[in-house]
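Presented below is the structure to which this report refers.
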Amino acid sequence: MLRVVLFAFTADLIPLYAVYALLFADHGLNAAQISSLFALWSATSFLLEIPAGAWADTVSRRGLLILSGALLAAGFTVWTLYPTYLGFAAGFVLWGTAGSLRSGTFEALVYDDLHARAATADYPRLMGYTRAATESAALAGILAAAPLYAWGGYTLVAWASVALAAVHTVAATLLPGAPKAVSAKEIEELELDDNGDVHDDGDVHEGDSVVCTPDPASSGYLSILRAGMREALRVRVIRRGVILVALLNGVTAFDEYFALLAGHVGAGPSLAAVLVGVTVAGALAGAMLAGRTEGISTRLLAAALAVAGVLFIGGALLAGAAAHHPAALYVLTAVGFSAVGIAYGIDYNADVIAGARLQDAISGPARATVTSVSGFATELVALLVFAFAAVATAWLSLPLMVALLGVPLVLAAALVPTWLPRGAPSRSELR
Numbered sequence: 396m397l398r399v400v401l402f403a404f405t406a407d408l409i410p411l412y413a414v415y416a417l418l419f420a421d422h423g424l425n426a427a428q429i430s431s432l433f434a435l436w437s438a439t440s441f442l443l444e445i446p447a448g449a450w451a452d453t454v455s456r457r458g459l460l461i462l463s464g465a466l467l468a469a470g471f472t473v474w475t476l477y478p479t480y481l482g483f484a485a486g487f488v489l490w491g492t493a494g495s496l497r498s499g500t501f502e503a504l505v506y507d508d509l510h511a512r513a514a515t516a517d518y519p520r521l522m523g524y525t526r527a528a529t530e531s532a533a534l535a536g537i538l539a540a541a542p543l544y545a546w547g548g549y550t551l552v553a554w555a556s557v558a559l560a561a562v563h564t565v566a567a568t569l570l571p572g573a574p575k576a577v578s579a580k581e582i583e584e585l586e587l588d589d590n591g592d593v594h595d596d597g598d599v600h601e602g603d604s605v606v607c608t609p610d611p612a613s614s615g616y617l618s619i620l621r622a623g624m625r626e627a628l629r630v631r632v633i634r635r636g637v638i639l640v641a642l643l644n645g646v647t648a649f650d651e652y653f654a655l656l657a658g659h660v661g662a663g664p665s666l667a668a669v670l671v672g673v674t675v676a677g678a679l680a681g682a683m684l685a686g687r688t689e690g691i692s693t694r695l696l697a698a699a700l701a702v703a704g705v706l707f708i709g710g711a712l713l714a715g716a717a718a719h720h721p722a723a724l725y726v727l728t729a730v731g732f733s734a735v736g737i738a739y740g741i742d743y744n745a746d747v748i749a750g751a752r753l754q755d756a757i758s759g760p761a762r763a764t765v766t767s768v769s770g771f772a773t774e775l776v777a778l779l780v781f782a783f784a785a786v787a788t789a790w791l792s793l794p795l796m797v798a799l800l801g802v803p804l805v806l807a808a809a810l811v812p813t814w815l816p817r818g819a820p821s822r823s824e825l826r
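Everything in the sequence shown is counted per this note's numbering, starting at 396 for the first residue and increasing by one.
Structure, rendered in structure tokens:
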């Protein structure tokens, strides 16, 4: 589905991603202030995530994605025109709002469109492609930041990002208008039984779904919100899936510190962009392989995440050692960031797999809302990452702080068997 991949590709084709942490630092912000901006960004998405998901289950999902793109462009415009702490904060609020409108909405639109065409088996492969498109775009944008910065400094990088965000908004208008999975009337009748399984008085049960055209006039926002919250919190397999996806996705907030780590060891903006690009390349590889690894066994998935945690921690410490051995700057940073990139790729691969199995498990009327609950939990994890970083930098060196952000990957490895206890799970087992 080229339209879906195009939308995903344009979402992260943003040169500012490579250098915005350095932009903040060059405008006088310290590590604590930068972390507070990241926290504000995450908190905005945190507060709006679930309400936006319920909104996406009651209005046009495509319309919300168009609005999301417009807000993203507006946020970068504010950064460009008002490069102060307050300007950066306002831009992050706009960006966070854009993210909350997209999170959950996009996945639900794609899954329900595939469901309408009896092609949900293609979801992991398609989401792997969209994640790969996202990372390819991020890599291209990051690598483009180096020549853009050389030609026009931060100003050219910023305006180029505004223009590309506008292109992303246009791409959103091309997305399909997928039908919702159940009718609005059934939403009002949805209840939970004593075991926490979703059911109603009709034919919709856990593992079942009915494609139909929603009736906006009778659709109740609060009913959608309640239905989604109940399914996410009280259906055991979905609740555990929500937690695992949130941890795998939320921990990727550590990528906000990659450019700072590169700068800390003596890499300039151009070299920092290349090093960050190495980590994005790892994420790209992990996403591209998701269609092939979707049937991976629980034991192997857990082992891979444990290895990822070790690689991340070791890679961050090795890259950090370049600050004390400037003669070996290129070798240490190349090896260290490569290890981090491999860990990043494993995490991305596991995230796509877990996300696909979670979508298969959702059977109620509020797919975007349930997915947004996972997004909410993701933002909570990210907020904890930023809070830890803001506090830890007062006592720990930046490389050690970044290395500790790899510990959640080891925790995720321990959580995998609690969600999928059998040795060789398949997507059909979660339907």
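Backbone N, C-alpha and C fix where the C-beta goes; we use that ideal spot for every residue, glycine too. Bear in mind the structure is a predicted one, so any value in this text is a computation, not a measurement.
Check                                                                                                                                                             : Outcome
For V637 versus L804, is the C-beta spacing smaller than 8 Å?                                                                                                     : no
Is the beta carbon of M796 less than 8 Å from the beta carbon of A784?                                                                                            : yes
If the criterion is Cβ atoms closer than 8 Å, does the pair A699 and I741 meet it?                                                                                : yes
Helix, strand or coil: which one does DSSP assign to F404?                                                                                                        : helix
Counting pairs of Cβ atoms below 8 Å between the segment 682–698 and the segment 733–751, do you hit three or more?                                               : yes
So V765 and E626 are in contact, right, with Cβ under 8 Å, and what is the actual spacing, rounded?                                                               : 5 Å
Under three-state DSSP, which class holds E502?                                                                                                                   : helix
Only counting the same chain, and skipping five residues up and downstream in sequence, which positions put a Cβ closer than 6 Å to that of R456?                 : T500, L504
What distance in whole Å lies between the Cβ atoms of A763 and D452, which are believed to be in contact at a cut-off of 8 Å?                                     : 5 Å
Do you know whose CA, among F483, M522, L411, G448, lies nearest F433's CA?                                                                                       : F483
Determine the contact status of A561 and A413, defining contact as a CB-CB distance below 8 Å.                                                                    : no
So, with DSSP's three-state summary, where would you put L684?                                                                                                    : coil
Is the separation between the beta-carbon of A449 and that of G704 shorter than 8 Å?                                                                              : no
Please classify V552 as buried or exposed, where buried requires at least 16 other C-beta atoms within 10 Å of its C-beta.                                        : buried
According to the neighbour-count rule (16 or more other Cβ atoms, all chains shown, within 10 Å of its Cβ), is G663 buried or exposed?                            : exposed
May I ask which residues mark the beginning and end of the alpha helix (DSSP H) holding R512?                                                                     : Premise fails: R512 is in no alpha helix (DSSP H) and is neither H nor E.
Helix, strand or coil for L800? Go by DSSP, reduced to three states.                                                                                              : coil
Is the Cβ-Cβ distance between I445 and V660 less than 8 Å?                                                                                                        : no
Along the chain, where does the alpha helix (DSSP H) containing P410 start, and where does it finish?                                                             : Neither: P410 is in no alpha helix (DSSP H) and is coded neither H nor E.
Tell me the DSSP secondary structure of V786 in three-state form.                                                                                                 : helix
Rounded to a whole number of angstroms, what is the C-alpha to C-alpha distance between L656 and F732?                                                            : 10 Å
Is DSSP giving E689 helix, strand or coil here?                                                                                                                   : coil
Given a cut-off of 8 Å on the beta-carbon distance, is the pair F402 and A566 in contact?                                                                         : yes
For A697, I'd like the list of residues in its chain whose CB is within less than 7 Å of its CB, leaving aside the five on either flank, ordered along the chain. : A808, V811, P812
Using the three-state DSSP reduction, which class does L569 fall into: helix, strand or coil?                                                                     : coil
Would you check if the distance between the CB atom of F707 and the CB atom of A738 is smaller than 8 Å?                                                          : yes
Report buried or exposed for Y524, applying the criterion of at least 16 other Cβ atoms within 10 angstroms of its Cβ.                                            : buried
In terms of alpha-carbon separation, which member of Y549, D517, A555 lies closest to A535?                                                                       : A555
Identify the continuous alpha helix (DSSP H) that holds E651 and give its terminal residues.                                                                      : No alpha helix (DSSP H) contains E651, which DSSP labels as neither H nor E.
Among residues of its own chain, excluding the 5 on either side of N644, which ones have a beta-carbon nearer than 7 Å to its beta-carbon?                        : D746, T773
By a C-beta neighbour count over all protein chains shown, 10 Å radius and 16 as the cutoff for buried, is P721 buried or exposed?                                : exposed
Checking 8 Å against the spacing of the C-beta atoms, do A889 and L538 come in under that value?                                                                  : Nothing about residue 889 can be reported from this structure: the residues present for the chain run from 396 to 826 only.
Just verifying my parser: in three-state terms, what is the DSSP assignment at S665?                                                                              : helix
Which same chain residues, not among the five before or five after L397, have their C-beta less than 8 Å away from its C-beta?                                    : none
Within 10 Å of its beta-carbon, does T674 have 16 or more other beta-carbons around it, so buried, or fewer, so exposed?                                          : buried
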